[in-house]
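Asker: This is the structure I have questions about; it appears just below.
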Amino acid sequence: PGNYTRAGLEVTFRPHDGKFKTDDQLHPDSKSFFSSIRSGGEEEELRRDAWKWENCLHASRIFRGSSLRNPCFDIHYNSRLEGRNFTPAEKLPYALAATARAKGIADFCDQVVRKYATQLEPLRPVVEIPIRT
Numbered sequence: 348p349g350n351y352t353r354a355g356l357e358v359t360f361r362p363h364d365g366k367f368k369t370d371d372q373l374h375p376d377s378k379s380f381f382s383s384i385r386s387g388g389e390e391e392e393l394r395r396d397a398w399k400w401e402n403c404l405h406a407s408r409i410f411r412g413s414s415l416r417n418p419c420f421d422i423h424y425n426s427r428l429e430g431r432n433f434t435p436a437e438k439l440p441y442a443l444a445a446t447a448r449a450k451g452i453a454d455f456c457d458q459v460v461r462k463y464a465t466q467l468e469p470l471r472p473v474v475e476i477p478i479r480t
């Protein structure tokens, strides 16, 4: 049987750009964000809970402000054909919607928009949804 999807995204969260477990690491330490399985889980559980092939992910996490410094999500495109990895010619379009809150900072949204004005894009609805009252 064919796969139900041929493309997926692997998302890695890096909360602090200055934290490295080892000196020879290329990228800062990652932290689980979408997966509920901690490292060291059974292989079958890790495969089942990897979420690479899900078409919509949703998660909510709370962090101390002091534990974050230039946090980012690394997004890796995974593709497969007949159960095997392959490199397709076309790119996979995707969107990442994120919400951030900070208690005690009244103009938090304005600060974020100013700092990342060239990288953020407002969501614009494509499909009109009727509102019933």
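In short: position in the sequence shown from 1, add 347, done, that's my numbering.
Even for Gly, the Cβ is constructed at its ideal location relative to N, Cα and C.
Since we're looking at a predicted model, the values are computed, not measured.
#1: Within the same chain, show all residues whose beta-carbon is closer than 7 Å to that of Pro435, passing over the 5 residues directly before and after it, in chain order.
#2: If you draw a straight line from the alpha carbon of Val358 to that of His423, how long is it in whole angstroms?
#3: Using C-beta distances below 6 Å, list every residue in its chain close to Phe455, excluding the 5 sequence neighbours before and after it, in chain order.
#4: The beta strand (DSSP E) spanning Phe455 covers which residue range?
#5: Are Leu415 and Pro362 touching if we call contact CB-CB under 9 Å?
#6: Report, in whole angstroms, the separation of the C-beta atoms of Tyr441 and Leu373, which I expect to be a contact under 8 Å.
#7: Do you know how far the Cα of Phe367 is from the Cα of Thr480?
#8: When you compare only the Cα positions, how much space is there between Asp364 and Asn417?
#9: Roughly how many angstroms separate the alpha carbons of Asp421 and Phe381, rounded to a whole number?
#10: With DSSP run on the structure shown, which of helix, strand or coil describes Ser407?
Answerer: To lay it out plainly:
#1: Answer for Pro435: Ser426, listed in chain order.
#2: In this structure, the CA atom of Val358 is about 6 Å from the CA atom of His423.
#3: Sequence-distant partners of Phe455 (beyond 5 residues in either direction) whose C-beta falls short of 6 Å from its own C-beta, in its chain, are Ala449.
#4: Annotation for Phe455: no beta strand (DSSP E) segment contains it, though the alpha helix (DSSP H) segment containing it runs Phe455 to Lys462.
#5: Closer than 9 Å, so yes.
#6: About 24 Å separates the CB atoms of Tyr441 and Leu373; that is not less than 8 Å, and the two are not in contact.
#7: Their backbone Cα atoms lie some 53 Å apart in a straight line.
#8: Between Asp364 and Asn417, the C-alpha separation is close to 6 Å.
#9: Asp421 and Phe381: Cα-Cα distance of roughly 13 Å.
#10: Looking at Ser407 - three-state DSSP - the assignment turns out to be coil, as it is neither helix nor strand.
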